[in-house]
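Note that the numbering used here has the sequence shown beginning at 94, numbered continuously upward. Beta carbons are placed, not taken as given, at the ideal position from N, Cα and C, and that holds for glycine.
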Amino acid sequence: MTGKGQGFGFGLGKMKELADAFKKAQQVQEGAKQLQEELEQMEIIGEANNGLIKVIVSGNQEPRRVEISPDALNKGAEVLSSLVTVAMKDAYNKSTATMRERMEDLTGGLELPGL
């Protein structure tokens, strides 16, 4: 019977690496909770036509409000609708990029040995 007493094939060094990785993963999980709270409080502004229309969302893409300049009202319903859509896409793209950057900062260096 070869391999007797070796458990699952992890030596003592590997067990310490694995324990360290689990500790790091737990820290990441705690950081993720804090990040979620920060994203909920954050306001990200998407704009169209140099700020004629602004769409404000939270860091986790929850819509907050839309600001429409009085000048935008003179453009007509079709143009106004298009501008709001552009501002929404801008806000979405900015919030997605922010979320991705923050998650990469949080999980950077997380390596699970042997997996």
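Member of the options whose CA lies at the smallest distance from the CA of residue i
i: leucine 199; options: Lys109, Ser162, Gln120; result: Gln120
i: glutamate 160; options: Gly152, Glu171, Leu176, Gln154; result: Leu176
i: proline 156; options: Asp183, Arg193, Gly201; result: Asp183
i: glycine 139; options: Arg158, Gly169, Glu131, Leu132; result: Arg158
i: glycine 144; options: Thr191, Gly201, Val179, Asn186; result: Val179
i: lysine 147; options: Lys187, Arg195, Gln129; result: Lys187
Buried or exposed (CB count within 10 angstroms, at least 16 for buried), residue i
i: leucine 132; result: buried
i: glycine 152; result: buried
i: valine 246; result: This structure does not reach residue 246, given that the chain is present from 94 up to 208, and the question cannot be answered.
i: alanine 170; result: exposed
According to DSSP, residues forming a beta bridge with residue i
i: valine 150; result: Ile137, Pro156
| field | Length-filtered (3 minimum) beta strand (DSSP E) runs lying within the stretch 117-147 | value | 137-141
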